[in-house]
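Below is one structure, written out as structure tokens; comments come after it.
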Amino acid sequence: MNEKLLPLADYYGTTYGKNVKDKMKIMPTVEHGRVFDVPTIAESPVVYELRVQKEVHLFGNSDVFICEICNGAVEESLSDKNVPFIDRLKKAAPVLTCGENTYESIDGRYLGG
48 MNEKLLPLAD
58 YYGTTYGKNV
68 KDKMKIMPTV
78 EHGRVFDVPT
88 IAESPVVYEL
98 RVQKEVHLFG
108 NSDVFICEIC
118 NGAVEESLSD
128 KNVPFIDRLK
138 KAAPVLTCGE
148 NTYESIDGRY
158 LGG
């Protein structure tokens, strides 16, 4: 997840489809996975196709999935070793969360919650 896609992920994750008839009106550009018959989001700078190896039920409705990465695709500019790693990381703009229903940027900016 990156900063650009956070509003979309938040919308899909918090909007109950039963109550919103046109939930799917907000759509990213969907492409087919290269390994599996799964949708991937073209706007994402990093895409992984995963195979679930194990599902661990923790407590309540909490589960952890242990997955094998079967394919990974990274935006070309993020692979340029001539650019310092930290600059590539900032460009990828990952969203950080610790399960506290808040989101922060890699440089500590509050992004919502």
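The opening residue of the sequence shown carries number 48 in the working numbering; numbering runs sequentially from there. Glycine residues also receive a C-beta, built at the ideal position from the N, C-alpha and C atoms.
- In the DSSP annotation of this structure, the continuous segment of the alpha helix (DSSP H) that includes residue 61 starts and ends at 53-61.
- Following the DSSP letters along the chain, one finds residue 84 in no beta strand (DSSP E), marked with neither H nor E.
- Between residue 122 and residue 92, the C-beta spacing is below 8 Å.
- At a Cβ-Cβ threshold of 8 Å, residue 111 and residue 96 do not count as neighbours.
- By the neighbour-count definition (other C-beta atoms within 10 Å, threshold 16), residue 150 is a buried residue.
- Residue 79 and residue 60 have their C-alpha atoms spaced approximately 21 Å apart.
- Here residue 62 is exposed. Its C-beta has fewer than 16 other C-beta atoms within 10 Å.
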